[in-house]
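Protein chains: 2
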Amino acid sequence: MGEDAVIHIIDDDTSLRTALQSLFRSVGMKAQAHDAVRAFLDAKREDAPGCLLLDVRLPGMSGLVFQDQLESLGIDLPVIMMTGHGDIPMSVRAMKAGAVDFLPKPFREQDLLDAVALAVERHRRQRAQREDLADVRRCFASLTPREQQVMTLVTAGLLNKQVAGELNLREITVKIHRGSAMRKMKADSLADLVRMAEALKLPRTPPPPAPQARKP
Amino acid sequence: MGEDAVIHIIDDDTSLRTALQSLFRSVGMKAQAHDAVRAFLDAKREDAPGCLLLDVRLPGMSGLVFQDQLESLGIDLPVIMMTGHGDIPMSVRAMKAGAVDFLPKPFREQDLLDAVALAVERHRRQRAQREDLADVRRCFASLTPREQQVMTLVTAGLLNKQVAGELNLREITVKIHRGSAMRKMKADSLADLVRMAEALKLPRTPPPPAPQARKP
DNA sequence: CTGAGCCCTATACTCACGTATGATTGCGGC
DNA sequence: GCCGCAATCATACGTGAGTATAGGGCTCAG
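Protein sequences, first through last, are from chains C and W. Residue numbers for the first sequence follow my numbering, beginning at 8 and rising by one. Residue numbers for the second sequence follow my numbering, beginning at 8 and rising by one.
Here's what the structure looks like:
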């Protein structure tokens, strides 16, 4: 079905790295081990589902700190923490930061495998979703500015006529932009377009707040 | 702005209960303390934003077990765990089960207050969302079966004509149901209706999969 | 039985939507 | 200068959506 998962391991304990690699190999999973954050970052990482096994106490940078930086580094791997010298606040911090699990060493192999399976499954879903969203974003980006505006207002529920009013256009012009927006977004119904707008978090401008005369 | 929050405390340590009550009183928050799960369940709980401070080691039932039962009991309070004899697996389990925080005793008052503030804020949001969804659900439930079907297909992106085909109706009939569905759902545009359908997770039936002849 | 509610349909009309055709303007790059 | 593209608008036609009016049928509770 899906691509092969890759398990990334960062731990400075050589014997543990070896043990984990052979463990994953024995269950038919790819694993890449590194002895420090640096090595992990320098390695070329396959763009595949997987997860990150992270030791807390590392040379150079704590696993907890590194975990916080993952997002800004553009790495979206789910994290499983491991540590030999952990305490409760540490585990709570890691879990709050989104870790899938936090395993005190020594742990049972099965506990690790369970956590990894969960994490990889989560990552698969997350990637699929992310991919869909990226598609929609690409489409939206391919729209001209006018088309984006029109799409925004249309999916907010305004009539072509009202959109025209908002943008100071004729209704016919709105229809043109609306049509080409539908085509470019590959939407085959308005309902579709609305859902895409939702995914893009386009603002839901309320229908024009009752036309008012103003005296200058 | 919002209603007053109520902090629910379950702990069998009388002196701690007293201390926490006076702590919350001192910062202007309502608190209700109980010495056991039973007492908490028997007490009438105000329907207000708040959170639940739960001791792990309790007479009768462990806090962790109780936490797992909260949902099925219809209680949606965010949980903050407290314990004097905790370990990492315990805290991880609690966090996985959705706890906002896990505080080993003794903890600093400020840590607790921070966690409580976070939990209450989360609960406020959650309640607001839940309330909106409940409204939509109520509206949808007030639709006749036919109106529900029509709404489902229309928000899936089908034309009136196609809906009529799916349901073996004339198009005019679909229009009638569609119109009354819009009214009853208080939707003022199709876009609105689509978003409600989304919130209700109505199935997005794909457009009729190419009309095929079948031979009997 | 009778009324209420749901469901189905028809005719007729209005308005919204979509597209095709054609044309004009303005901007940026080759 | 010419081309391409975004943007604007017009006229016209066909189709979709929505409402009103007016029926018919059914089932269930009073």
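Using N, Cα and C, we set each Cβ at its ideal position, and we do this for glycine too.
Handout entry: Alpha-carbon to alpha-carbon, Arg131 of chain W and Leu166 of chain W
Key = Within the second sequence, residue 166 of chain W is the residue found at index 159, counting from 1. Within the second sequence, residue 131 of chain W is the residue found at index 124, counting from 1. Leu166 of chain W and Arg131 of chain W: Cα-Cα distance of roughly 39 Å.
Exercise for the section: With DSSP collapsed to three states, give me the class of Ala77 of chain C. Expected result: What you label residue 77 of chain C is simply residue 70 of the first sequence in a count that begins at 1. In the sequence as displayed, the identity of residue 77 of chain C is Leu instead of Ala. DSSP places Leu77 of chain C in coil when its eight states are reduced to three.
Exercise for the section: Any chance you could list the alpha helix (DSSP H) runs of at least 4 consecutive residues sitting entirely within the region 108-159 of chain C, in chain order? Expected result: 116-148
Problem - Val86 of chain W in three-state terms, based on DSSP - result: Here the question's residue 86 of chain W lines up with position 79 in the second sequence. Three-state DSSP puts Val86 of chain W in a strand.
Practice task
Measuring only between beta-carbons, confirm whether Leu140 of chain C sits less than 8 Å from chain W.
Solution key: Within the first sequence, numbered from 1, the residue matching residue 140 of chain C stands at position 133. No, Leu140 of chain C lies away from the interface with chain W (no Cβ there is under 8 Å from its Cβ).
Handout entry: Bridge-paired residues (DSSP) for Gly57 of chain W
Key = Indexing the second sequence from 1 puts residue 57 of chain W at position 50. Paired residues: W:Val13.
Exercise for the section: Output the distance between the C-alpha atoms of Gln133 of chain W and Asp42 of chain C, rounded to the nearest integer angstrom. Expected result: Here residue 133 of chain W refers to the residue found at position 126 of the second sequence. Here residue 42 of chain C refers to the residue found at position 35 of the first sequence. Going from the Cα of Gln133 of chain W to the Cα of Asp42 of chain C covers about 42 Å.
Practice task
Please classify Ser22 of chain W: is it buried, with 16 or more other beta-carbons within 10 angstroms of its beta-carbon, or exposed?
Solution key: On the second sequence, position 15 is the one that residue 22 of chain W refers to. When all chains shown are included, Ser22 of chain W counts as exposed.
Problem - Secondary structure of Ala50 of chain W, DSSP reduced to three states - result: Sequence index remark: in the second sequence, residue 50 of chain W carries index 43 (1-based). Reduced to three states, the DSSP call for Ala50 of chain W is coil.
Exercise for the section: Report all residues from its chain with a CB closer than 8 Å to the CB of Glu10 of chain W; omit the five preceding and five following residues, and keep chain order. Expected result: The residue you call residue 10 of chain W lines up with position 3 of the second sequence. Excluding residues within five positions, the ones whose Cβ falls inside 8 Å are Ala55, Pro56.
Problem - Per-residue burial, Pro111 of chain C [other beta carbons within 10 Å of its own, 16 or more giving buried] - result: The sequence position of residue 111 of chain C within the first sequence is 104, counting from 1. Counting Cβ neighbours within 10 Å, Pro111 of chain C comes out buried, since at least 16 surround it.
Handout entry: Leu61 of chain C vs Met88 of chain C beta-carbon contact at 8 Å
Key = To locate residue 61 of chain C, count along the first sequence from 1; it is residue 54. To locate residue 88 of chain C, count along the first sequence from 1; it is residue 81. Yes, these two residues count as a Cβ contact at 8 Å.
Exercise for the section: Have a look at C:Ser29, C:Ala204, C:Ser33, C:Ala50 and flag the residue whose alpha-carbon is nearest the alpha-carbon of Leu140 of chain C. Expected result: One-based indexing of the first sequence puts residue 140 of chain C at position 133. Answer by Cα proximity: C:Ala204.
Problem - Beta-carbon contacts of Leu77 of chain C that lie in its chain and below 6 Å, excluding the five residues immediately before and after - result: As a first step, residue 77 of chain C must be located in the first sequence, where it is residue number 70. Nothing meets the Cβ criterion.
Handout entry: Neighbour-count burial assignment, Thr151 of chain C, 16 or more Cβ in a 10 Å radius
Key = Taking the first residue of the first sequence as 1, we reach residue 151 of chain C at position 144. So Thr151 of chain C ends up on the exposed side.
Handout entry: Pro85 of chain C beta carbon less than 8 Å from that of Val63 of chain C
Key = As a working note, residue 63 of chain C is residue 56 in the first sequence. As a working note, residue 85 of chain C is residue 78 in the first sequence. Result no, Cβ atoms of Val63 of chain C and Pro85 of chain C do not sit closer than 8 Å.
Practice task
Counting only the same chain and skipping the five closest in sequence on each side, list residues whose C-beta sits under 8 Å from that of Ala171 of chain C.
Solution key: Your numbering for residue 171 of chain C matches position 164 in the first sequence. Arg177, Glu178, Thr180, Val181, listed in sequence order.
Problem - Segment contact, 8 Å Cβ cut-off, at least three pairs: the region 156-165 of chain W with the region 63-73 of chain W - result: no
Practice task
Would you decide whether Val127 of chain W is buried or exposed? Buried here means 16 or more other CB atoms lie within 10 Å of its CB.
Solution key: Position 120 of the second sequence holds residue 127 of chain W. So Val127 of chain W counts as buried.
Practice task
Give the residues from the region 75-94 of chain C that approach chain W closer than 7 Å (Cβ to any Cβ), ordered along the chain.
Solution key: Gly93
Exercise for the section: Taking 8 Å as the cut-off, decide whether the C-beta atoms of Ala198 of chain C and Gly164 of chain W are in contact. Expected result: Position 191 of the first sequence, counted from the first residue, corresponds to residue 198 of chain C. Position 157 of the second sequence, counted from the first residue, corresponds to residue 164 of chain W. In this structure, Gly164 of chain W lies closer than 8 Å to Ala198 of chain C by Cβ.
Practice task
Write down the C-beta distance between Glu53 of chain W and Val13 of chain W rounded to the nearest angstrom, noting that I regard them as a contact closer than 8 Å.
Solution key: One-based indexing of the second sequence puts residue 53 of chain W at position 46. One-based indexing of the second sequence puts residue 13 of chain W at position 6. Sure, about 5 Å apart at Cβ, within 8 Å.
Problem - Neighbourhood of Ala220 of chain W by C-beta, 7 Å cutoff - its chain only, sequence neighbours within 5 removed - result: Numbered from 1 along the second sequence, position 213 holds the residue referred to as residue 220 of chain W. Residue placement at Ala220 of chain W is poorly supported in this model, since its pLDDT is 41, which falls under 50; the coordinates are not used for a value here.
Handout entry: Residues near Leu125 of chain W by beta carbon distance below 7 Å, same chain, minus five either side
Key = Counting from 1 along the second sequence, the entry for residue 125 of chain W is found at position 118. Closer than 7 Å at Cβ, skipping near neighbours: Val107.
Problem - Cβ-based contacts, 7 Å cut-off: residues of the region 153-174 of chain C near chain W - result: Thr162, Ala163, Gly164
Handout entry: Cut-off 6 Å between Cβ atoms - residues of its own chain near Thr25 of chain C, not counting five sequence neighbours on either side
Key = Here residue 25 of chain C refers to the residue found at position 18 when the first sequence is read from its first residue. There are no such residues.
Exercise for the section: Pick helix, strand or coil for Ala106 of chain W, following the three-state DSSP scheme. Expected result: Here the question's residue 106 of chain W lines up with position 99 in the second sequence. Coil at Ala106 of chain W, not helix or strand.
Handout entry: Between the CA atoms of Arg145 of chain W and Ser196 of chain W - distance to the nearest angstrom
Key = For the purposes of this step, residue 196 of chain W is taken as residue 189 along the second sequence, with counting starting at 1. For the purposes of this step, residue 145 of chain W is taken as residue 138 along the second sequence, with counting starting at 1. Spanning the two alpha carbons is a distance of roughly 19 Å.
Practice task
Give the secondary structure of Phe41 of chain C by DSSP, where H, G and I count as helix, E and B as strand, and everything else as coil.
Solution key: Sequence index remark: in the first sequence, residue 41 of chain C carries index 34 (1-based). Checking the displayed sequence, the identity of residue 41 of chain C turns out to be His instead of Phe. Residue state, collapsed to three classes: strand.
Problem - Asp62 of chain C - partner residues in DSSP beta bridges - result: Sequence index remark: in the first sequence, residue 62 of chain C carries index 55 (1-based). Answer by DSSP bridge pairing, in chain order: C:Met89.
Exercise for the section: Output yes if chain C places a C-beta closer than 8 Å to the C-beta of Glu128 of chain W; else output no. Expected result: Sequence index remark: in the second sequence, residue 128 of chain W carries index 121 (1-based). Chain C, which has no Cβ nearer than 8 Å to the Cβ of Glu128 of chain W, makes this no.
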